[in-house]
Amino acid sequence: MTTTAEWLDIGWVDQIPVRGSRTVQVEGGDDIAVFRTAEGKIFALLDRCPHKHGRLSQGIVHGGAVACPLHNWRISLSTGEALGEDKGCTPTVPVKIDGGRVLICRASTLKAAA
Amino acid sequence: MEHRPIKAESDTREHLVVIGNGMAGCRAVEELLARDPTRYRVTIFGAEPRVNYNRIMLSPVLAGEKSFDDIVINDADWYATNGIALIAGDPVVAIDRAAKTVTTRGGVCESYDKLLIATGSDPFIIPVPGKDLPGVIAFRDMDDVGTMLDAAERGGSAVVIGGGLLGLEAAHGLSLRGMKVTVLHLMPTLMERQLDEAAGWLLKQALEARGQTILTGADTAEIVGDGKVEGVRLKDGTLIPADLVVMAVGIRPSTALARDAGLAVGRGIQVDDHMVTSDPDVLAVGECVEHDGQVYGLVAPLWDMCRSLADGLVEQPSGYRGSVTSTKLKVSGIDVFSAGDFSGGDGCEDIVLRDASRGVYKRVIVKDDRIVGAVLYGDTADGNWYFDLLKKQEDVSDLRDVLIFGQAFASGGGQADPKAAVAALSDDAEICGCNGVTKGQVVSCIAKGAHSLDAVRGTCKASASCGSCTGLVENLLALTLGDDVQSGPKTMCKCTSFGHDDVRREIVAQGMKSIPEVMQKLHWLTPDGCSSCRPALNYYLLCALPGEYVDDQQSRFVNERLHANIQKDGTYSVVPRMWGGLTNPRELRAIADVVEKYNAPMVKVTGGQRLDIFGIKKEDLPAVWADLNAAGMVSGHAYGKALRTVKTCVGSEWCRFGTQDSTGLGVKLERMSWGSWMPHKFKIAVSGCPRNCAEATIKDFGVVCVDSGYELHVGGNGGIHVRATDLLCKVATEQEAMDYCAAFIQLYREEARYLERTAPWIERVGLEHIKARIVDDAPGREALRARFLYSQSFSQDDPWAQRAEGAEAEHHAPMARFTPQKEIA
Numbered sequence: 000m001t002t003t004a005e006w007l008d009i010g011w012v013d014q015i016p017v018r019g020s021r022t023v024q025v026e027g028g029d030d031i032a033v034f035r036t037a038e039g040k041i042f043a044l045l046d047r048c049p050h051k052h053g054r055l056s057q058g059i060v061h062g063g064a065v066a067c068p069l070h071n072w073r074i075s076l077s078t079g080e081a082l083g084e085d086k087g088c089t090p091t092v093p094v095k096i097d098g099g100r101v102l103i104c105r106a107s108t109l110k111a112a113a
Numbered sequence: 000m001e002h003r004p005i006k007a008e009s010d011t012r013e014h015l016v017v018i019g020n021g022m023a024g025c026r027a028v029e030e031l032l033a034r035d036p037t038r039y040r041v042t043i044f045g046a047e048p049r050v051n052y053n054r055i056m057l058s059p060v061l062a063g064e065k066s067f068d069d070i071v072i073n074d075a076d077w078y079a080t081n082g083i084a085l086i087a088g089d090p091v092v093a094i095d096r097a098a099k100t101v102t103t104r105g106g107v108c109e110s111y112d113k114l115l116i117a118t119g120s121d122p123f124i125i126p127v128p129g130k131d132l133p134g135v136i137a138f139r140d141m142d143d144v145g146t147m148l149d150a151a152e153r154g155g156s157a158v159v160i161g162g163g164l165l166g167l168e169a170a171h172g173l174s175l176r177g178m179k180v181t182v183l184h185l186m187p188t189l190m191e192r193q194l195d196e197a198a199g200w201l202l203k204q205a206l207e208a209r210g211q212t213i214l215t216g217a218d219t220a221e222i223v224g225d226g227k228v229e230g231v232r233l234k235d236g237t238l239i240p241a242d243l244v245v246m247a248v249g250i251r252p253s254t255a256l257a258r259d260a261g262l263a264v265g266r267g268i269q270v271d272d273h274m275v276t277s278d279p280d281v282l283a284v285g286e287c288v289e290h291d292g293q294v295y296g297l298v299a300p301l302w303d304m305c306r307s308l309a310d311g312l313v314e315q316p317s318g319y320r321g322s323v324t325s326t327k328l329k330v331s332g333i334d335v336f337s338a339g340d341f342s343g344g345d346g347c348e349d350i351v352l353r354d355a356s357r358g359v360y361k362r363v364i365v366k367d368d369r370i371v372g373a374v375l376y377g378d379t380a381d382g383n384w385y386f387d388l389l390k391k392q393e394d395v396s397d398l399r400d401v402l403i404f405g406q407a408f409a410s411g412g413g414q415a416d417p418k419a420a421v422a423a424l425s426d427d428a429e430i431c432g433c434n435g436v437t438k439g440q441v442v443s444c445i446a447k448g449a450h451s452l453d454a455v456r457g458t459c460k461a462s463a464s465c466g467s468c469t470g471l472v473e474n475l476l477a478l479t480l481g482d483d484v485q486s487g488p489k490t491m492c493k494c495t496s497f498g499h500d501d502v503r504r505e506i507v508a509q510g511m512k513s514i515p516e517v518m519q520k521l522h523w524l525t526p527d528g529c530s531s532c533r534p535a536l537n538y539y540l541l542c543a544l545p546g547e548y549v550d551d552q553q554s555r556f557v558n559e560r561l562h563a564n565i566q567k568d569g570t571y572s573v574v575p576r577m578w579g580g581l582t583n584p585r586e587l588r589a590i591a592d593v594v595e596k597y598n599a600p601m602v603k604v605t606g607g608q609r610l611d612i613f614g615i616k617k618e619d620l621p622a623v624w625a626d627l628n629a630a631g632m633v634s635g636h637a638y639g640k641a642l643r644t645v646k647t648c649v650g651s652e653w654c655r656f657g658t659q660d661s662t663g664l665g666v667k668l669e670r671m672s673w674g675s676w677m678p679h680k681f682k683i684a685v686s687g688c689p690r691n692c693a694e695a696t697i698k699d700f701g702v703v704c705v706d707s708g709y710e711l712h713v714g715g716n717g718g719i720h721v722r723a724t725d726l727l728c729k730v731a732t733e734q735e736a737m738d739y740c741a742a743f744i745q746l747y748r749e750e751a752r753y754l755e756r757t758a759p760w761i762e763r764v765g766l767e768h769i770k771a772r773i774v775d776d777a778p779g780r781e782a783l784r785a786r787f788l789y790s791q792s793f794s795q796d797d798p799w800a801q802r803a804e805g806a807e808a809e810h811h812a813p814m815a816r817f818t819p820q821k822e823i824a
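Here it is in structure tokens:
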């Protein structure tokens with residue numbers, strides 16, 4: 000599987016640490032953060048907390064959420080919504096796995112990072 | 000909120016429709032279900048698009064002490080489990096009593112057999128020009144809290160109109176959230192309906208000391224602004240700028256729906272002792288009603304009303320007799336309590352106690368040997384006791400001489416057992432005001448198997464809201480269960496029922512070797528912990544297994560993972576170690592070169608005698624470190640729960656007052672202890688004489704050199720709560736100073752809880768314990784020192800050098816680059 004009109008191939012699943020994250024740099028826009036949970040699920044979000052724009056890719060991943068490194072807001076990896084009392088939402092980017100490669104949605108990446 | 004199917008075809012039960020999904024409506028349904036869970040089919044209509052929550056806890060949410068989840072009373076499961084249909088976010092706009100139906104704004108029409116109106120109250124908006132400007136709000140529901148939090152986020156000024164309970168809680172929350180707050184109060188003293196003049200004045204002083212501006216006798220003329228609120232003008236012409244105006248001048252029973260339906264309405268919806276309105280099939284409860292000429296705006300009467308209402312619905316009428324109310328202000332750190340009537344009058348006698356230095360004011364008003372009112376400021380511990388005596392109308396003539404000193408003293412002896420005090424309360428004494436739970440209910444809940452604080456909170460909800468009655472509940476647990484009570488320190492986090500000390504003990508006792516193993520063996524409630532427990536477990540394992548445990552990078556905060564301090568724009572700051580605060584031309588040149596080469600926008604001399612380079616990009620960190628390493632510098636661990644700096648003065652080498660080589664000792668201490676991970680950050684200083692230029696007495700470990708040797712000080716802190724050190728002991732030689740320091744650090748590493756600085760640790764365990772381990776027990780001290788040095792033999796690899804050589808490069812480089820035109824690089 001390679002990059003297509005619809006999907007961007009960004010690398011191997013194993014390049015992302017378990018309970019960790021890597022980023023995709025988008026020229027002229029914000030980074031995309033790609034997460035790998037303990038269960039092995041992959042999610043992608045704009046690398047920008049809805050609160051004070053902290054880099055979510057630098058947070059601690061636990062369960063299906065990441066804790067923002069700046070003020071510990073918890074953001075759902077699947078919906079991008081802030082959890083608990085906090086209100087706000089980070090744009091999500093659809094992801095699929097094909098033969099161990101991670102692909103992220105091109106249109107959403109462009110839109111999110113714009 | 001989704002609409003549930005309201006009725007199963009076969010369900011022929013009487014239909015109870017409740018208008019109002021707030022505290023009164025839901026409590027009434029809870030009371031009904033407790034008496035007869037199947038008799039009625041229940042539908043609840045709520046105007047707000049959310050489940051039932053504890054409205055009086057909005058203040059702690061605003062203040063950041065609670066989250067919305069914490070104040071939910073009944074979650075979606077409760078409605079489902081009890082077969083209650085909830086229609087939330089679609090308010091009822093009409094009642095047709097002839098047809099026995101209600102209709103919502105969205106057009107949903109539902110018929111009822113019994114209708115319960117629990118519409119509560121509406122905030123009173125003073126009719127001044129500008130009241131409808133954007134930015135003018137009330138403080139009534141979660142949406143208002145949301146608006147206030149958004150405003151606080153933007154900063155600026157807020158004006159709160161109304162210095163009553165609600166207004167002061169709003170002002171406190173906004174002030175904590177960083178806004179500049181002015182409170183406008185029409186009357187001469189704050190909370191004049193609950194407090195007398197003296198207590199109102201003390202309260203005003205306390206709030207002003209916290210940075211709020213309080214204007215009493217302030218009459219609002221208009222709210223000014225062009226398109227949005229910009230300020231408030233008083234009748235005397237004063238203009239107060241404001242980005243947000245909160246109106247908290249009072250509430251009015253919400254009666255419009257009832258009035259339109261032709262029900263008898265006075266100040267509120269008129270009800271009899273069984274909460275039945277002028278229509279026998281329509282009931283009403285809570286702040287919207289008028290009973291016996293009284294309307295209530297506090298929570299406690301609501302519990303009594305709901306009990307009477309439910310008794311009536313299951314045809315075992317008891318009858319509501321009205322309520323005596325008490326008030327507590329939920330502003331943390333300021334304790335205010337009032338109950339009953341304190342206006343004085345014929346035959347009333349005051350008993351007053353003032354303790355100006357402690358900021359305590361107590362006043363108990365007695366008439367005909369019975370308490371009729373109480374006002375407490377600064378020490379409210381006896382509020383419940385006075386309130387209980389007041390409600391019972393007990394004869395206090397025997398207690399009168401000692402009444403004002405409180406229950407402990409009055410029941411014999413200054414230091415009476417707090418358990419005895421709780422035991423002496425009657426069964427119907429209220430324990431938890433937030434949730435209306437009596438002592439009898441707590442005891443019966445414990446007797447039914449709730450054997451821990453959490454279990455009590457989960458079942459009868461006592462102490463589950465503001466928590467101020469936690470001590471009372473704990474005492475009831477101890478009284479009821481004797482030694483069976485499951486108490487102990489707080490749990491590490493919501494992922495586990497174990498406290499920090501239990502987890503550490505088990506890690507060592509069971510020889511656990513990894514975070515997943517700890518979570519498995521100690522029954523963690525979440526699959527992989529959270530951002531509180533994972534860093535703590537990582538540290539505990541690291542400390543227990545030096546040289547063996549493999550650090551889990553994903554359980555470290557970003558600063559410790561990237562060995563630099565994240566800044567709010569996502570760049571990092573870099574602090575190289577300067578041993579004892581000494582530097583040289585080579586190091587300074589290397590730092591200057593780094594600043595220029597990587598365009599660092601700022602360099603700052605830190606309080607710890609080092610240089611902090613700001614604005615370094617994550618990708619550049621390894622290269623920056625390589626350049627600093629090349630000049631002989633290593634990580635300063637300014638980012639870590641670790642040894643930070645060793646601050647020194649110049650000492651005997653240069654200073655005419657210096658008694659010992661403080662700089663030299665500082666360098667030696669730093670060489671010995673750098674690189675060690677700790678429960679929290681750790682700072683050392685060495686001063687060359689008692690003039691103490693290195694500020695050693697506010698450090699975790701401080702040495703003050705004297706002619707005859709070295710004074711060793713521990714547990715100082717210069718942060719939010721400044722704490723001077725305690726003197727540990729005095730030693731004669733430099734080597735002893737080093738040995739004691741190593742032993743002290745290791746004791747701290749092994750015994751303090753994660754994120755506990757030395758100051759609170761020593762206050763928790765006591766200085767005597769530290770002295771016993773470090774000073775009195777020479778073999779023990781030597782063993783601690785040896786364990787520290789052994790651990791250090793694994794931790795003094797410069798993490799920067801490893802990264803500069805390419806280790807863990809994935810932390811610094813993006814996984815891929817995407818150029819919209821050129822595709823992936």
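As you go down the protein sequences, you meet chains A and B in turn.
The first sequence: position 60 = 59 (numbering that gives the first Met the number 0), numbered continuously.
The second sequence: position 97 = 96 (numbering that gives the first Met the number 0), numbered continuously.
All C-beta atoms, glycine included, are put in the ideal place defined by N, C-alpha and C.
- Leaving aside the five residues that flank I15(A) on each side, the residues in its chain whose CB is nearer than 8 Å to its CB run, in chain order, R21, V33, F34, R35, I41 and V101.
- Out of G779(B), I43(B) and R26(B), the CA that lies nearest to the CA of G82(B) is found in I43(B).
- Proximity of T22(A) to chain B, defined by a Cβ-Cβ separation below 9 Å, is satisfied.
- 9 Å or more divides the Cβ of D143(B) from the Cβ of A151(B).
- Taking a 10 Å sphere around the C-beta of M601(B), we find fewer than 16 other C-beta atoms and assign the residue as exposed.
- By the neighbour-count criterion, in which 16 or more other beta carbons inside 10 Å mark a residue as buried, I683(B) falls on the buried side.
- Contact between the stretch 94-108 of chain B and the stretch 51-61 of chain B is not established, with fewer than three Cβ pairs separated by less than 8 Å.
- If only complete runs of 4 or more residues are kept, the stretch 171-211 of chain B shows the alpha helix (DSSP H) at 196-208, in order along the chain.
- Residues of the stretch 59-81 of chain B with a C-beta less than 7 Å from any C-beta of chain A: V60, S66, F67 and D68, listed in chain order.
- Proximity of chain B to V92(A) at the Cβ level (cut-off 9 Å) is not reached, the minimal Cβ distance being about 11 Å.
- Residue nearest to A420(B) within the set K390(B), S443(B) and A380(B) is A380(B) (criterion: CA-CA distance).
- Between F817(B) and chain A, the shortest Cβ-Cβ separation is below 9 Å.
- In the structure shown, F556(B) adopts coil according to DSSP, grouped into three states.
- Comparing alpha carbon positions, the residue from Y111(B), Y52(B) and A812(B) closest to T11(B) is Y111(B).
- Not flagged as an interface residue toward chain A: K329(B), since no C-beta distance is shorter than 9 Å.
- Per DSSP, M274(B) is not a residue of any alpha helix (DSSP H), being assigned neither H nor E.
- For T100(B), the enclosing beta strand (DSSP E) starts and ends at T100 to T103.
- Sequence-ordered contacts of the stretch 37-61 of chain A with chain B read A37, E38, K51, H52, G53, R54, Q57, G58, I59, V60 and H61 [C-beta pairs closer than 8 Å].
- Taken through DSSP and simplified to helix, strand or coil, P122(B) comes out as strand.
- Residue contact with chain B for T89(A): absent (no Cβ-Cβ distance below 9 Å to any residue of chain B).
- Taken in chain order, the members of the stretch 521-549 of chain B whose beta-carbon sits within less than 7 Å of a beta-carbon on chain A are T525, P526, D527, G528, C529, S530 and R533.
- In the three-state reduction of the DSSP assignment, V223(B) falls in the strand class.
- For N20(B), the secondary structure class from DSSP, reduced to helix, strand or coil, is coil.
- For the stretch 801-814 of chain B, the set of residues with a beta-carbon nearer than 7 Å to any beta-carbon of chain A comprises E809, P813 and M814, in chain order.
- Taking the Cα positions, K770(B) is about 53 Å away from V12(A).
- The alpha carbon of S443(B) has as its nearest neighbour, out of H720(B), R353(B), A629(B) and V455(B), the alpha carbon of V455(B).
- With distances taken between CA atoms, A27(B) lies nearest to I116(B) out of A79(B), V507(B), G261(B) and I116(B).
- For the pair of segments examined, the stretch 666-676 of chain B was found to touch the stretch 631-646 of chain B: the number of CB pairs separated by less than 8 Å reaches three.
- The Cβ of D30(A) sits closer than 9 Å to at least one Cβ of chain B.
- At a cut-off of 9 Å between C-beta atoms, E5(A) does not count as an interface residue with respect to chain B.
- Secondary structure of V574(B) (DSSP, three-state): coil.
- Proximity to A81(A) across P93(A), G10(A), I96(A) and V65(A) peaks at V65(A), based on C-alpha coordinates.
- The secondary-structure analysis by DSSP pairs Y360(B) across a beta bridge with R353(B) and Y376(B).
- Interface annotation, K86(A): in contact with chain B, CB-CB separation under 9 Å.
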